[in-house]
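Visitor: Residue numbers (the working numbering): 465 to 863.
(1) Cutting at 7 angstroms between CB atoms, please list the residues of its own chain near residue 583, excluding the five before and the five after it.
(2) Can you give me the C-alpha to C-alpha distance between residue 636 and residue 540, rounded to a whole angstrom?
(3) Mind checking residue 768: buried by the 16 CB within 10 Å criterion, or exposed?
(4) Give the range of the beta strand (DSSP E) segment to which residue 497 is assigned.
(5) Opposite residue 483 in the DSSP bridges: which residues?
(6) In whole angstroms, what separates the C-alpha of residue 731 from that of residue 785?
(7) Look up residue 628 in the DSSP assignment and give the residues it is bridged to.
(8) My parser needs the alpha helix (DSSP H) runs of 4 or more residues fully inside the segment 593 to 659; what are they?
(9) Evaluate contact between the segment 726 to 742 and the segment 486 to 497, counting only Cβ atoms and requiring at least three cross-stretch pairs below 8 angstroms.
(10) For residue 810, collect the residues of the same chain with a Cβ closer than 8 angstroms to its Cβ; drop the 5 residues on either side in sequence, then sort them by chain order.
(11) Go through its chain and collect everything with a Cβ distance to residue 777's Cβ below 8 angstroms, but skip five positions before and after it.
(12) Could you check how far apart the C-beta atoms of residue 680 and residue 518 are, in whole angstroms? I think they sit under 8 angstroms.
(13) Counting beta carbon pairs with one atom in the segment 746 to 759 and one in the segment 499 to 517, are three or more of them shorter than 8 angstroms?
(14) I'd like to check one pair, residue 600 with residue 666: are the Cβ atoms closer than 9 angstroms?
(15) According to DSSP, what are the bridge partners of residue 864?
(16) By the three-class DSSP mapping on this structure, what secondary structure does residue 566 have?
(17) Taking C-beta to C-beta, are residue 565 and residue 807 nearer than 9 angstroms?
(18) Name the residue from 643, 763, 629, 648 whose alpha carbon lies nearest to the alpha carbon of residue 658.
(19) If you draw a straight line from the alpha carbon of residue 625 to that of residue 567, how long is it in whole angstroms?
(20) Using the three-state DSSP reduction, which class does residue 859 fall into: helix, strand or coil?
(21) Count the other C-beta atoms from every protein chain shown that fall within 10 angstroms of the C-beta of residue 467, then say buried if there are 16 or more, exposed otherwise.
(22) Is the CB-CB distance between residue 696 and residue 623 below 9 angstroms?
(23) Compute the beta-carbon to beta-carbon distance between residue 817 and residue 798, rounded to the nearest angstrom, for a pair I have assumed lies under 8 angstroms.
(24) Quick check on residue 807: does DSSP put it in helix, strand or coil?
(25) Rounding to the nearest angstrom, what Cα-Cα distance links residue 476 and residue 560 in this structure?
(26) At the level of alpha carbons, what is the spacing between residue 647 and residue 465?
(27) Kindly give me the distance between the Cβ atoms of residue 607 and residue 589, rounded to whole angstroms, as I take these residues to be in contact under 8 angstroms.
(28) Taking only runs that begin and end inside the segment 672 to 702, name each unbroken alpha helix (DSSP H) of 4 or more residues, in chain order.
(29) If you draw a straight line from the alpha carbon of residue 553 to that of residue 563, how long is it in whole angstroms?
(30) When the Cα of residue 576 is compared with those of 585, 593, 558, which residue comes out closest?
(31) In whole angstroms, give me the CA-to-CA distance for residue 632 and residue 536.
(32) Would you kindly work out how many angstroms separate the C-alpha atoms of residue 684 and residue 486, rounded to a whole number?
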């Protein structure tokens with residue numbers, strides 16, 4: 465890590481570290497970010513405008529969600545879009561169509577398992593928030609364990625890391641130097657100090673700071689702090705970006721977590737990493753908050769457009785059913801299920817609509833015959849179905 469860049473940082477201090485890794489012994493420095501305070505940082509006028517624009521876009525998204533009969537129908541597909549993009553940011557790439565349409569694969573497929581684990585972790589996190597479960601080191605570690613389950617990283621440490629890690633590589637690496645010396649950023653060393661800092665951040669995130677800090681700004685601050693602490697051996701970015709939406713959800717900015725934030729950052733990967741680093745090196749909150757807020761605004765606008773398009777398709781499909789000879793009282797529920805889940809099996813649909821397997825199978829065939837549903841893929845075992853109009857929207861509106 466280039467010590468000169470961090471020596472005069474107003475947002476933290478350097479701390480000497482020493483130890484031995486696979487690359488040999490080292491003596492260097494780690495960066496210790498300051499705890500977040502009760503007041504927000506001074507920002508540029510551009511950053512303040514971006515925060516205001518983000519709040520307006522989030523308010524419009526939330527107002528749209530509250531007008532719809534069942535906005536939760538759109539949560540699952542949004543989380544799948546987020547799972548694909550947030551994993552891509554960490555170097556795990558799976559085609560969007562596959563992420564939208566598959567469940568946990570059978571056999572050994574750790575890459576796909578890693579992407580879809582995020583989906584299940586996010587669903588757990590929002591369910592825990594609804595239950596009022598407190599966020600502490602224990603719940604954070606449980607989320608991390610579930611994220612790593614069945615992946616290449618499962619054998620590594622769960623919860624707050626007990627080892628020193630480094631992030632990236634500096635622009636002018638020394639070919640003969642230790643990886644810590646050549647790192648772009650060295651987060652705090654492991655131990656009680658790191659655990660205490662992570663616990664303090666979780667406490668800060670639970671508090672309502674809206675009287676002093678706009679929630680968009682507070683979400684940007686907490687995301688920076690989480691990434692700067694880098695509490696895990698792996699999975700920091702995915703959980704950190706999940707916490708952006710979770711923060712907005714818990715503080716009432718969003719009543720339904722249907723926004724996807726990672727596609728924006730994935731499309732601006734280097735700008736995202738540079739802006740986060742700039743807070744640590746120069747205390748440049750304005751650049752980071754401006755980028756973050758612009759990302760939230762664009763993501764909220766896209767989520768609102770996607771939600772309205774899906775609601776329109778939902779209404780149109782129900783009109784098609786109503787105009788047909790299908791008379792099952794469960795047909796509307798099956799349409800809802802097809803809107804909520806991009807693909808599904810007969811068994812999954814039967815459980816969702818409360819109908820026996822055979823009855824659900826016959827109903828699906830009826831909706832296939834009138835063009836509302838179609839079979840997805842070529843498998844003769846555990847056949848999957850989908851509403852083509854729904855999948856078209858999800859693929860069209862995603863980057």
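Glycine included, every Cβ here is placed at the ideal spot set by N, Cα and C.
Guide: Put simply:
(1) 543, 544, 547
(2) 43 angstroms
(3) Buried: at least 16 other Cβ atoms inside 10 Å.
(4) 488 to 497
(5) 490
(6) 39 angstroms
(7) Paired residues: none, contrary to the question.
(8) DSSP runs (the alpha helix (DSSP H)) wholly in the segment 593 to 659: 601 to 612, 643 to 646.
(9) no
(10) 821, 824, 825, 828, 847, 849
(11) 803, 851, 853, 854, 857
(12) 5 angstroms
(13) Flag = yes, the segment 499 to 517 and the segment 746 to 759 touch.
(14) yes
(15) Residue 864 lies beyond the range of the chain shown here (465 to 863); nothing can be said about it.
(16) coil
(17) yes
(18) When each option's Cα is compared against that of residue 658, the closest is 629.
(19) Distance between the alpha carbons of residue 625 and residue 567: 30 angstroms.
(20) Residue state for residue 859 is assigned as helix, using DSSP reduced to three classes.
(21) exposed
(22) Contact flag set, yes.
(23) 6 angstroms
(24) coil
(25) The C-alpha of residue 560 is placed about 39 angstroms away from the C-alpha of residue 476.
(26) Straight-line Cα distance between these residues: approximately 5 angstroms.
(27) 6 angstroms
(28) 679 to 693
(29) 15 angstroms
(30) Of the listed residues, the one whose Cα sits closest to residue 576 is 558.
(31) 38 angstroms
(32) 35 angstroms
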